[in-house]
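Numbering (the working numbering), first residue to last: 106 to 193. Heads up, the beta-carbon is just placed ideally off N, CA and C, and yes, glycines get one too.
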Amino acid sequence: MSVVNVTMGELHEKLAKCIAGERVLIEHDGNRFSARIQHVGMTGVKVIPETQIKNSTGDPGDVEGVTVPYDEIWELEVKGVVYSRLPN
Numbered sequence: 106m107s108v109v110n111v112t113m114g115e116l117h118e119k120l121a122k123c124i125a126g127e128r129v130l131i132e133h134d135g136n137r138f139s140a141r142i143q144h145v146g147m148t149g150v151k152v153i154p155e156t157q158i159k160n161s162t163g164d165p166g167d168v169e170g171v172t173v174p175y176d177e178i179w180e181l182e183v184k185g186v187v188y189s190r191l192p193n
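Given below as structure tokens:
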């Protein structure tokens, strides 16, 4: 797996092209966690934290995602490449 450092703008461009299921690393209120993309929107990305996916015992689609703003996303993993946002 390779890591590519990108600016926030470049990361947003990559996110805009994503489909459901891609992995992202999010920082929210000082906590970092990984999640899977459910839907990419204009103001943010709807994600499902991986801990919720692992603990789900219901049917596919039973876990409701949460929308996070773009600036809370620090990494995006696509096809074995991790796009890591440079610090501001």
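- The way I'd put it, the stretch 138-146 does touch the stretch 117-127; three or more beta-carbon pairs between them come closer than 8 Å.
- For glycine 149, the enclosing beta strand (DSSP E) starts and ends at 149-154.
- Per DSSP, the continuous beta strand (DSSP E) segment holding alanine 140 begins and ends at 136-145.
- Shortest Cα-Cα distance from valine 171 to any of Val150, Leu116 and Val187 involves Val150.
- Going by C-alpha positions, threonine 112 is about 24 Å away from proline 154.
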